[in-house]
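Peer 1:
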Amino acid sequence: MRRRSSMKKMRTYFVLYLCLVFMLIPQSALSGQKASLSGHWEGSIDIPGMKLEILIDFSQKDDGSWEGKISIPAQDAKNLPLENITLDGDSVAFEMSGIPGEPAFKGIFSEDGSQITGDFTQSGQAFPFVLEREVSPVVKAKKALADFDALVMRGLESLKVPGLAVAVVKDDEVIIAKGYGFRDVEKKIPMTADTLLAIGSASKAFTTFAMGTLVDEGKLDWETPVNNYISWFELYDLFASQHLTPRDLVTHRSGLPRHDLVWYNNYQASREEFVRRLAYLKPTADLRQRFQYNNLMFLTAGYLVEVLTEQPWEEAIRSHVLKALGMERTNFSVEESKKDSDFALPYREEKGKIELIPFRNITNIGPAGSINSSVNEMSRWLLVHLNKGIIDGRQIINAQTLEDMHLAHMPTGGTPAIPEVTPSDYGMGWFVDTYRGHSRIHHGGNIDGFSAMVSMLPRDGLGFVVLTNKNGAALPELLIRHAADLILGLEPKDWIGLAAESKAKGEKVEEEAEKKKETRRITGTQPAHRLEDYTGDYNHPGYGDIKVFHKNGSLIFTYNEITTPLEHWHYETFNGRKADDPTFMDMKLTFRTNVNGLVARLEAPFEPTLEEIVFKKKPNAKLFDPDYLKQFVGKYQLIDQILTISLKGNSLSLYIPGQMEYDLEPVLGEEFALKQVKVIGLRFKTDEKGQVTALEIIQPEGIYEAERVKE
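In terms of numbering that gives the first Met the number 0, the sequence shown opens at residue 0 and continues consecutively.
Okay, structure coming up:
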């Protein structure tokens with residue numbers, strides 16, 4: 000028994016000895032083959048004053064020849080082709096293609112094949128280099144996200160998000176493309192990487208990308224004033240009208256605040272009409288003075304694309320961007336998404352509960368935010384940006400044009416909420432900042448029931464897109480931070496946990512604030528007029544019409560097809576009550592009376608950075624009807640003068656002998672005013688049969704009556 004045991008131990012030791020010897024012998028020596036060049040290598044060139052980092056990938060073709068590419072991060076050079084790659088025993092040589100000075104590498108493999116050392120030569124100078132065989136960055140990134148699924152599920156639960164889809168790109172490869180949670184909560188239909196969701200304002204970069212292709216074609220210049228392309232283009236400010244450029248349109252520096260309610264839920268006005276309305280919207284800053292986020296400027300950029308391409312913005316984006324990227328299911332309307340077999344429903348959180356809300360179709364503001372896509376297709380969008388305008392080996396936009404979009408053109412003036420992020424600037428369709436020392440470009444998107452974030456760390460070759468079906472969700476940005484931290488090997492931080500704590504605190508503060516809103520109300524007051532006197536149509540040339548009507552003892556108003564009941568708040572101010580569409584809930588509208596005691600104006604806080612927007616009450620529509628107006632045509636005698644009322648088209652005029660002919664403008668109270676002398680009004684009198692009997696001329700010092708002359 001002892002001898003058998005000793006023999007067994009000897010055999011074990013012998014096997015272990017052979018294994019150790021085998022491990023010490025280079026694989027190339029055992030196989031009799033050349034050292035392997037295939038794979039990823041990282042190292043540096045030792046040039047005076049610094050070590051220049053280089054990244055190289057080699058692969059062998061079917062015919063036995065080699066191909067390779069080199070990246071030099073410090074010079075922002077990526078995937079430059081290598082040529083004349085030779086491997087002779089332990090010697091390797093290769094050259095850089097298309098670079099002045101005939102740059103070339105010649106080196107020797109280390110004994111174990113894990114390192115290459117040698118000389119790099121260029122323009123007759125030689126510098127030592129060293130390369131180490133490394134695991135590819137793509138493989139490293141995949142391993143870093145091994146537990147990412149659990150992180151996503153934790154985020155969905157703790158922040159109450161129905162579902163989301165995420166894609167992560169590293170260099171030239173999509174390393175994650177998945178759906179989590181539900182695209183339809185009630186039916187428990189899971190989210191997928193192909194689910195269509197709204198990307199909201201992340202659409203802006205598609206508009207600037209299309210503009211960039213027009214720049215490449217010579218059809219657009221970023222610095223040429225917009226009115227050179229659209230002759231009638233006009234803003235409220237004359238200087239801005241004459242000098243605003245396409246670059247200004249897409250960098251939020253026009254001087255205008257948001258004025259979003261002009262377009263929100265407005266399905267009647269065309270894009271051209273919205274652009275024409277800009278002339279009536281007040282700015283809050285001079286041109287290029289201050290960053291002010293503005294969707295209408297991006298709409299104008301989209302309209303400019305329509306003018307230059309002579310096709311709708313949607314078709315221009317499809318032909319100049321989507322087709323080239325192979326984004327076939329990406330669309331421009333939630334109505335199109337609903338025709339697809341895989342689309343997400345929109346949700347919001349209300350009092351701690353997730354509830355389904357209606358889709359909001361925003362095709363009118365399309366250039367600023369109407370695109371719907373999937374993370375599978377959005378990964379193509381990431382790839383073209385990370386690879387300098389190249390996709391599938393095709394250059395679809397000039398690298399310099401694309402880089403221009405990623406540069407900072409306008410400081411936002413905002414202070415970051417966290418120290419890990421630097422103050423943001425704005426490029427063209429992108430925010431530009433630094434996250435934990437890494438340059439970043441990104442843009443979020445929020446539209447009814449959907450939240451999105453597209454983010455890239457270009458120097459790290461990283462791209463992220465997260466799309467969710469919840470209104471105002473912070474989770475997309477938080478997950479991107481987590482993923483970036485893991486891939487880059489940064490010190491972990493519990494972004495989701497911190498956000499959940501902050502959300503809980505915010506909900507308590509919001510609840511307390513809501514209880515206090517009644518303290519701003521003055522009790523015991525009454526409206527100055529009968530409720531019927533407030534009814535009518537009110538107009539602002541930029542914002543359009545507000546219709547106020549009376550029903551069941553209460554006032555109701557409709558703006559852009561959003562109907563909201565009103566309650567009397569105090570004096571002449573009314574408050575928006577809860578409605579199916581909560582846009583105007585708790586908004587205060589104030590009515591104003593003119594000198595004649597008539598309700599003449601409505602003031603609405605539609606733009607928070609300005610004083611209230613003033614809507615003027617429109618005269619009765621019948622005063623513009625020729626069939627109604629013709630009853631007033633005729634002659635009227637005032638003392639020894641004969642006054643003549645004539646009808647021209649759909650308006651009246653007044654002729655007084657010895658004076659000019661005056662145009663009559665309809666005003667409130669079934670009256671008219673002289674267009675040329677507005678302090679003078681006219682009112683027609685009728686008898687009990689409704690026949691016009693006289694004309695009253697209303698002046699500050701008195702009212703003069705002219706009897707109708709029978710003919």
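Backbone N, C-alpha and C define an ideal beta-carbon position, used for all residues, glycine too. Values in this document were obtained by computation on a predicted structure and should not be read as measured data.
Cα separation between I98 and L163?
Peer 2: 45 Å
Peer 1: Taking H251 as the reference, give the member of L286, L219, Q267 and I495 with the closest Cα.
Peer 2: Distance from the Cα of H251 is smallest, within the candidate group L286, L219, Q267 and I495, for L286.
Peer 1: Taking only three categories from DSSP, how would you classify D87?
Peer 2: Strand at D87.
Peer 1: Taking the straight line between their C-alpha atoms, what separation do you get for V173 and K141?
Peer 2: 10 Å
Peer 1: Assuming L694 is part of the alpha helix (DSSP H), what are its boundary residues?
Peer 2: First-last for L694: V691 to Q698, but that is the beta strand (DSSP E), not the alpha helix (DSSP H).
Peer 1: Give me the residue from F331, K105 and L248 with the minimum Cα distance to I198.
Peer 2: F331
Peer 1: Please confirm if the region 214 to 233 is in contact with the region 475 to 493, defined as three or more CB-CB distances below 8 Å between the two stretches.
Peer 2: No, they do not touch.
Peer 1: Could you give the distance in angstroms between the alpha-carbon of G178 and the alpha-carbon of M404?
Peer 2: 30 Å
Peer 1: How would you write the range of the beta strand (DSSP E) that D38 sits in, first residue to last?
Peer 2: The question names Asp, but residue 38 in the sequence shown is Gly. Note, G38: beta strand (DSSP E), G38 to I46.
Peer 1: As an exercise, report each continuous alpha helix (DSSP H) stretch of at least 4 residues that is fully enclosed by the region 608 to 659, in chain order.
Peer 2: For secondary structure counted as the alpha helix (DSSP H) over 4 or more consecutive residues, the region 608 to 659 holds these complete runs in sequence order: 625 to 628.
Peer 1: Any idea if S200 is buried or exposed, counting beta-carbon neighbours within 10 angstroms, 16 or more meaning buried?
Peer 2: buried
Peer 1: How should G505 be labelled, buried or exposed, when 16 other C-beta atoms within 10 angstroms of its C-beta is the threshold for buried?
Peer 2: Around the beta carbon of G505, a 10 Å sphere encloses fewer than 16 other beta carbons of the protein chains shown; the residue is thus reported as exposed.
Peer 1: Whose C-beta lies closer than 7 Å to the C-beta of D484 among residues of the same chain, with five residues either side of it excluded?
Peer 2: P491 and K492
Peer 1: Around the C-beta of Y703, are 16 or more other C-beta atoms found within 10 angstroms, so that it is buried, or is it exposed?
Peer 2: Y703 should be labelled exposed.
Peer 1: Please work out which residues of its chain come closer than 7 Å, Cβ to Cβ, to Q26, disregarding the five sequence neighbours upstream and downstream, and give them in chain order.
Peer 2: Bear in mind that a pLDDT of 40 at Q26, under 50, signals an unreliable position, so the number given afterwards is only what the model happens to contain. The residues are G112.
Peer 1: Starting from the C-beta of V274, find all residues in its chain whose C-beta is less than 6 Å away, skip the five residues before and the five after it, and write them out in chain order.
Peer 2: T299 and Y302
Peer 1: If I measure Cβ to Cβ from W312 and keep anything under 7 Å in the same chain, skipping five residues before and after, which residues do I get?
Peer 2: G301, V304, E305, G365 and P366
Peer 1: Spatial neighbours of P540 within its chain, please: C-beta separation below 6 Å, excluding the five flanking residues on both sides.
Peer 2: Y279
Peer 1: Does F605 come out as helix, strand or coil in the three-state DSSP assignment?
Peer 2: coil
Peer 1: In the DSSP assignment, what residue or residues form a beta bridge with L163?
Peer 2: The partner list for L163 (beta bridge, DSSP) reads Y179 and T467.
Peer 1: Please report how far the alpha carbon of D183 lies from the alpha carbon of L277, in whole angstroms.
Peer 2: Just so you know, the alpha carbons of D183 and L277 end up roughly 39 Å apart.
Peer 1: If you scan the region 276 to 327 from start to end, which runs of the alpha helix (DSSP H) of 4 or more residues do you find wholly inside it?
Peer 2: The qualifying runs are 294 to 308 and 312 to 316.
Peer 1: DSSP three-state call for R252: helix, strand or coil?
Peer 2: coil
Peer 1: Which two residues bound the contiguous alpha helix (DSSP H) that contains R379?
Peer 2: V374 to L385
Peer 1: Can you grab the Cα-Cα spacing for the pair T589 / E509, in whole Å?
Peer 2: 26 Å
Peer 1: Relative to the alpha-carbon of L260, which residue among Q121, I545, K550 and N593 has its alpha-carbon at the smallest distance?
Peer 2: Checking every option, the nearest Cα to that of L260 belongs to I545.
Peer 1: Run the CB neighbour count on K203, radius 10 Å, all protein chains shown included, and call it buried at 16 or more, exposed below.
Peer 2: buried
Peer 1: Go ahead and pull the three-state DSSP assignment for I417.
Peer 2: coil
Peer 1: For N360, name the three-state secondary structure that DSSP assigns.
Peer 2: coil
Peer 1: Going by the CB atoms, is the gap between V691 and F623 shorter than 8 Å?
Peer 2: no
Peer 1: Return the CA-CA distance between L385 and F238, expressed in angstroms with no decimal places.
Peer 2: 38 Å
Peer 1: Give the straight-line distance between the Cα atoms of A125 and D61, rounded to the nearest whole angstrom.
Peer 2: Each residue's Cα considered, the two are about 33 Å apart.
Peer 1: Leaving aside the five residues before and after G462 along the sequence, list all residues of the same chain whose C-beta is less than 6 Å from its C-beta, in chain order.
Peer 2: V168, L381, L385 and M455
Peer 1: What do you reckon, are the CB atoms on N83 and E94 nearer than 8 Å?
Peer 2: yes
Peer 1: Please give me, in chain order, every unbroken run of the alpha helix (DSSP H) with length at least 4 that falls completely inside the region 468 to 500.
Peer 2: 474 to 487
Peer 1: Is it the case that the Cβ atoms of D193 and D391 are separated by a distance below 8 Å?
Peer 2: no
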